[in-house]
């Protein structure tokens, strides 16, 4: 009897965890507005950001602001399901977007083919920020957007290069507001980087080696 009771308790606990944990993943829970804290808690991210900046000539502040907007630094982020019935029959997702960068399958495949990084994964931060840098570089080439313009880079990132050039974002007031939010965060990150760089001479060690 006790054995059966234990088995039922296990099943109930499993179903509870499945119902409330399905679709979630480990999340970065720090302050998204504090770039220093983000890099202090994830030192390898800083190294990856520097490499991507040097490779694609896109500011760290902009790449990090895009990732903050897209996934809140959650490596397992996916679009919310739509439709369905409770947790028993989950609905479909509106797109194949996944990971830090929220790149969709087709665009991610294009990135891997273009860069030769065929083993790149969307839940890997180094690959993801390299993807963001690559995509912004493509936006500069295909759309004529300055690599220092977070607002328009994000619009192209969201709409795709064809959509951006067609002006699809112009009818989406909500999207233009999101792009302004990305621009605001990018400016905040840039200010934090500059402030840290200005004080590094007075510190024995500096997180920002540029």
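Residue numbers (my numbering): 625 to 834.
For glycine and all other residues, C-beta sits at the position ideal for the given N, C-alpha and C.
In this text the structure is predicted, and so the values were computed from the model without any measurement.
Item	Value
Local conformation of residue 689 per DSSP, three classes	helix
Anticipated Cβ contact below 8 Å, residue 695 with residue 754, distance rounded	At roughly 15 Å, the Cβ-Cβ gap does not stay under 8 Å, so residue 695 and residue 754 are not in contact.
Pairwise C-alpha distance: residue 736 and residue 742	5 Å
Status (buried if at least 16 other CB within 10 Å, exposed otherwise) for residue 680	buried
Own chain residues within Cβ distance below 7 Å of residue 720, not counting five before or after	728, 729
Distance between residue 802 and residue 845 (C-alpha atoms, nearest Å)	The structure shown does not extend to residue 845, since the chain is modelled only from 625 to 834, so the question has no answer here.
Ranges of the alpha helix (DSSP H) found wholly within the region 699-786, counting only runs of at least 4	729-739, 749-767
Burial state of residue 693, where buried means 16 or more other Cβ atoms lie within 10 Å	buried
Proximity to residue 764 [Cα-Cα], best of 752, 749, 781	781
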